[in-house]
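Here's the structure, in structure tokens; my notes come after.
2 protein chains.
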Amino acid sequence: MTYDDFMDQPKRRDKAATRAKLLDAARLRFARHGFDGTGVRDIAADVGVDPALVFRYFGSKEQLHEEALRVEIPTGLTDDPARPLTHITDTLLHDVVFADWEQFAGEHPLLVMLRSAGRPTIRDQMRQQLCEGYLPDFAERLGGDNPALRAELVGALLIGMGVMRTILNTPALHNASYEETRTLVTRLITALSD
Amino acid sequence: MTYDDFMDQPKRRDKAATRAKLLDAARLRFARHGFDGTGVRDIAADVGVDPALVFRYFGSKEQLHEEALRVEIPTGLTDDPARPLTHITDTLLHDVVFADWEQFAGEHPLLVMLRSAGRPTIRDQMRQQLCEGYLPDFAERLGGDNPALRAELVGALLIGMGVMRTILNTPALHNASYEETRTLVTRLITALSD
DNA sequence: CATTCTTGTCATCGGTCGATGACTTAGGGG
DNA sequence: CCCCTAAGTCATCGACCGATGACAAGAATG
Numbered sequence: 001m002t003y004d005d006f007m008d009q010p011k012r013r014d015k016a017a018t019r020a021k022l023l024d025a026a027r028l029r030f031a032r033h034g035f036d037g038t039g040v041r042d043i044a045a046d047v048g049v050d051p052a053l054v055f056r057y058f059g060s061k062e063q064l065h066e067e068a069l070r071v072e073i074p075t076g077l078t079d080d081p082a083r084p085l086t087h088i089t090d091t092l093l094h095d096v097v098f099a100d101w102e103q104f105a106g107e108h109p110l111l112v113m114l115r116s117a118g119r120p121t122i123r124d125q126m127r128q129q130l131c132e133g134y135l136p137d138f139a140e141r142l143g144g145d146n147p148a149l150r151a152e153l154v155g156a157l158l159i160g161m162g163v164m165r166t167i168l169n170t171p172a173l174h175n176a177s178y179e180e181t182r183t184l185v186t187r188l189i190t191a192l193s194d
Numbered sequence: 001m002t003y004d005d006f007m008d009q010p011k012r013r014d015k016a017a018t019r020a021k022l023l024d025a026a027r028l029r030f031a032r033h034g035f036d037g038t039g040v041r042d043i044a045a046d047v048g049v050d051p052a053l054v055f056r057y058f059g060s061k062e063q064l065h066e067e068a069l070r071v072e073i074p075t076g077l078t079d080d081p082a083r084p085l086t087h088i089t090d091t092l093l094h095d096v097v098f099a100d101w102e103q104f105a106g107e108h109p110l111l112v113m114l115r116s117a118g119r120p121t122i123r124d125q126m127r128q129q130l131c132e133g134y135l136p137d138f139a140e141r142l143g144g145d146n147p148a149l150r151a152e153l154v155g156a157l158l159i160g161m162g163v164m165r166t167i168l169n170t171p172a173l174h175n176a177s178y179e180e181t182r183t184l185v186t187r188l189i190t191a192l193s194d
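Those protein sequences? They're chains A and B, same order as listed. So the first sequence is numbered by the UniProt record's numbering: it starts at 1 and just counts up by one. So the second sequence is numbered by the UniProt record's numbering: it starts at 1 and just counts up by one.
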């Protein structure tokens, strides 16, 4: 037992800290088992605290879920209008499909939400993040007729890859390196942006 | 009230018929609200029958779900080895993404399963149908190095389009015609199969 | 009409769920 | 040292869940 563990032993009371711990535990549980598969008692038990605190701090299980899965749209990705689309999709491929989001059990928050897509509120939240956060930047750089549709195809490819790699665990995508996948995806994107 | 309705009135007892009705109702409920969001009481109420019959006929809610969402892999799609991949993806684009599966609330069974992807058994069932039913035929026709990975990219595109169109309801894919989507998808597939 | 098998119903069990409100205890300021 | 506020606990509620087994009623058979 380390010194810090020993200092934590006498259960210091700290609202902000326990709130944060609850959020962390909720992220993991929701990510692994979805909304319906997770109980407030489970989350509270992970933190070692009474389930009633969940409702005191977050109001309801739904609000806890919303706050736990809220994710800031990464800025700085698209602020340079001259940055080519393939660079952006490279980054997204890395962050959405290949990155290890340890706070979300290894998956990107968007994919985590998909696991709870039975709830209409979660579906709406997810569509909003997609349509307002990512797709406009795709469309802006794609050109051609119906750039919105082409942008959604790009989004569909990334979402689908994420689903297959981290939810369904299909073998090829699971074993493929980021590099060899990137070259194929780049080829697809350029084919879409004539 | 028609003559047939009148004949149905005295609740004729017919095991096969009520079993089938339960399966239909289960399909709709599971498709709309997912596994956890559906109760056996709901399904039985749709049919106008006692919930206990679900367990008598199917054993458990899980087995009912499995049987309700079981879907035969369409044969005749890939039995001609000379049939080009783009023809196959055209068909799949039509059947998986654009077709209206009225028995499944308008969605393809694979997408319906995704809504209940919190359950490990359902995930496994879905991966198996994908990896054994569709992807090998893709890989066989794609060529290049790592055809399995390319095949999974094709699958990812279709799955992602289905998710965005019928689960998230993104506007462009929802409003796009099958034809204009098909030309874009064809371009993507050919770019992948050099 | 009586018997018998099948189809459907009823009551209920044990458990889990989200949520509430009253209670206890820790800890810092007077 | 006491006291008051805030952090955490406890008991419990009402609803719903999947599942079981005993029972009633319809249909087939003689």
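Think of the CB as a built atom: it goes at the ideal place given N, C-alpha and C, for glycine as much as any other residue.
Exercise. How about D36(B): is its C-beta nearer than 9 Å to some C-beta of chain A?
Worked result: Output row for D36(B): interface = yes.
Exercise. Short check: CB of L28(A) to CB of L85(A), under 9 Å?
Worked result: Against a cut-off of 9 Å, the Cβ pair of L85(A) and L28(A) comes out as no contact.
Problem set entry | Any alpha helix (DSSP H) of 4 or more consecutive residues that is wholly inside the region 147 to 178 of chain B | Entirely contained in the region 147 to 178 of chain B, the alpha helix (DSSP H) runs reaching 4 residues are, in chain order, 147 to 162, 171 to 175.
For this session: Grab the span of the alpha helix (DSSP H) containing Q125(A) for me, first residue to last.
Result: Q125(A): member of the alpha helix (DSSP H) spanning 120 to 128, first to last residue.
Problem set entry | Cross-chain neighbours of T183(B) in chain A, by beta carbon under 7 Å | Using a Cβ-Cβ cut-off of 7 Å, T183(B) is close to nothing in chain A; its nearest Cβ partner there is about 10 Å away.
For this session: Quick one: residues in its chain with C-beta nearer than 6 Å to the C-beta of R115(B), no 5 flanking neighbours on either side, listed in chain order?
Result: Excluding positions up to five away in sequence, the list reads G34.
Problem set entry | Sequence-distant residues of its chain with Cβ nearer than 8 Å to I167(A) (five each side left out) | If we look at I167(A) and ignore the five residues flanking it on each side, its Cβ neighbours are E107, L111, L114, R115.
Problem set entry | Residues near L77(B) by beta carbon distance below 7 Å, same chain, minus five either side | Excluding residues within five positions, the ones whose Cβ falls inside 7 Å are I88, T91.
For this session: Under 6 Å Cβ to Cβ from A26(A), same chain only, skipping five residues before and after it: list those, please.
Result: Within the same chain, I43, L64, A68 come within 6 Å of A26(A) by CB-CB distance, once the 5 residues on both sides are set aside.
Problem set entry | Closer than 9 Å to chain A by CB, T170(B) | Judged by the 9 Å Cβ criterion, T170(B) is in contact with chain A.
Exercise. Counting only beta-carbon atoms, is S116(B) nearer than 9 Å to chain A?
Worked result: Among the CB atoms of chain A, one or more fall inside 9 Å of the CB of S116(B).
For this session: For the alpha helix (DSSP H) holding L93(A), just list the boundary residues, first then last.
Result: Element bounds for L93(A): n/a, residue is neither H nor E.
Exercise. Hey, is V163(B)'s beta-carbon within less than 9 Å of any beta-carbon in chain A?
Worked result: Closer than 9 Å to some Cβ of chain A, the Cβ of V163(B) qualifies, so yes.
Exercise. Are the region 45 to 61 of chain A and the region 49 to 66 of chain B touching, with three or more C-beta to C-beta distances below 8 Å?
Worked result: No, the region 45 to 61 of chain A is not in contact with the region 49 to 66 of chain B.
Exercise. Is L28(A) close to chain B, meaning its C-beta is less than 9 Å from at least one C-beta of that chain?
Worked result: For L28(A), the answer is no, since every Cβ of chain B falls outside 9 Å of its Cβ.
Problem set entry | Residue burial classification, F55(B) (beta-carbon count within 10 angstroms, cutoff 16) | When all chains shown are included, F55(B) counts as exposed.
For this session: Report yes or no: is there a C-beta of chain B within less than 9 Å of the C-beta of I167(A)?
Result: Interface residue, yes.
For this session: State whether the region 126 to 146 of chain A contacts the region 121 to 129 of chain B, with contact taken as three or more CB pairs (one from each stretch) at a distance under 8 Å.
Result: With a cut-off of 8 Å, the region 121 to 129 of chain B and the region 126 to 146 of chain A do not count as touching, because too few Cβ pairs lie within range.
Exercise. Would DSSP call Y57(A) helix, strand or coil?
Worked result: DSSP, read as helix, strand or coil, puts Y57(A) in helix.
Exercise. If you scan the region 9 to 34 of chain B from start to end, which runs of the alpha helix (DSSP H) of 4 or more residues do you find wholly inside it?
Worked result: Counting whole runs of 4 or more residues, the region 9 to 34 of chain B contains the alpha helix (DSSP H) stretches 15 to 33.
Problem set entry | Contact under 9 Å by Cβ, N146(A) with A172(B) | In this structure, the beta-carbon distance from N146(A) to A172(B) falls below 9 Å.
Exercise. Under 8 Å Cβ-Cβ, which residues of chain A neighbour G155(B)?
Worked result: Ordered by position in chain A, the residues that pass the 8 Å Cβ test against G155(B) are G160, M164, T170.
For this session: In the DSSP assignment, find the alpha helix (DSSP H) that holds E140(B) and state where it starts and stops.
Result: That run of the alpha helix (DSSP H) goes 135 to 142.
Exercise. When DSSP labels each residue in this structure, what does residue 210(B) get in the three-state scheme?
Worked result: No statement about residue 210(B) is possible, as the shown extent of chain B runs from 1 to 194 and does not include it.
Exercise. What number of angstroms, rounded off, separates the C-alpha of V96(A) from the C-alpha of G160(B)?
Worked result: About 13 Å.
For this session: Determine the extent of the alpha helix (DSSP H) in which A44(A) is found, giving its start and end residues.
Result: Boundaries of the alpha helix (DSSP H) harbouring A44(A): 40 to 47, taken from the DSSP string.
Exercise. Just how far apart, CA to CA, sit L23(A) and G118(A)?
Worked result: Computed Cα separation, rounded: 21 Å.
Problem set entry | Status (buried if at least 16 other CB within 10 Å, exposed otherwise) for T170(B) | Residue environment for T170(B): buried (at least 16 other C-beta atoms within 10 angstroms of its C-beta).
Exercise. Should P81(B) go down as buried or exposed, given a rule of 16 or more other Cβ atoms within 10 Å for buried?
Worked result: If you draw a 10 Å sphere on the C-beta of P81(B), you find fewer than 16 other C-beta atoms in it, and that means exposed.
For this session: Could you tell me whether the Cβ of L93(A) comes closer than 9 Å to any Cβ of chain B?
Result: So no, L93(A) is outside the interface.
Exercise. So which residues of chain A does L192(B) contact, with C-beta pairs closer than 9 Å?
Worked result: In chain order: L184, R187, L188, A191.
Exercise. Whose C-beta lies closer than 8 Å to the C-beta of L188(A) among residues of the same chain, with five residues either side of it excluded?
Worked result: So the list reads L157, once near-sequence residues are dropped.
Problem set entry | Buried or exposed (CB count within 10 angstroms, at least 16 for buried), T181(B) | That one is buried.
Exercise. Where does E72(B) fall in DSSP's three states?
Worked result: Note: E72(B) maps to coil in three-state DSSP.
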